Amino acid sequence: MNVLNELNVEVSILGAFGCGVFKNDVQFVAKCFAEEGRKGAKVNCFAIFKSEENLNAFQKEFEGQE
Numbered sequence: 000m001n002v003l004n005e006l007n008v009e010v011s012i013l014g015a016f017g018c019g020v021f022k023n024d025v026q027f028v029a030k031c032f033a034e035e036g037r038k039g040a041k042v043n044c045f046a047i048f049k050s051e052e053n054l055n056a057f058q059k060e061f062e063g064q065e
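If you want it as structure tokens, here you go:
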């Protein structure tokens with residue numbers, strides 16, 4: 000996210016990095032992305048597939064952000 004901010008990226012398309020094979024806690028990862036996302040890009044889009052748990056966690060953390 001720091002690189003995106005340094006490059007003044009306005010729109011980012013990311014995945015739930017760290018939540019799959021690395022087995023990081025999805026709520027923690029989603030919270031980190033949400034907190035950092037507020038600092039930079041105007042639009043943060045997350046492509047999340049095949050995981051209802053990941054989708055729900057990211058929706059919860061980004062709910063209400065415009």
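In numbering that gives the first Met the number 0, the protein residues as written are 0 to 65.
Backbone N, C-alpha and C define an ideal beta-carbon position, used for all residues, glycine too.
In this text, all values refer to a predicted model and were calculated from it rather than measured experimentally.
query, result
"Alpha carbon to alpha carbon, how far is A46 from E5?", "22 Å"
"Relative to the alpha-carbon of N1, which residue among C31, G63, C18, E62 has its alpha-carbon at the smallest distance?", "C31"
"According to DSSP, V96 sits in a beta bridge with which residue or residues?", "The structure shown does not extend to residue 96, since the chain is modelled only from 0 through 65, so no value can be given for it."
"What number of angstroms, rounded off, separates the C-alpha of Q26 from the C-alpha of K59?", "9 Å"
"Roughly how many angstroms lie between the CA atoms of G14 and V28, to the nearest whole one?", "11 Å"
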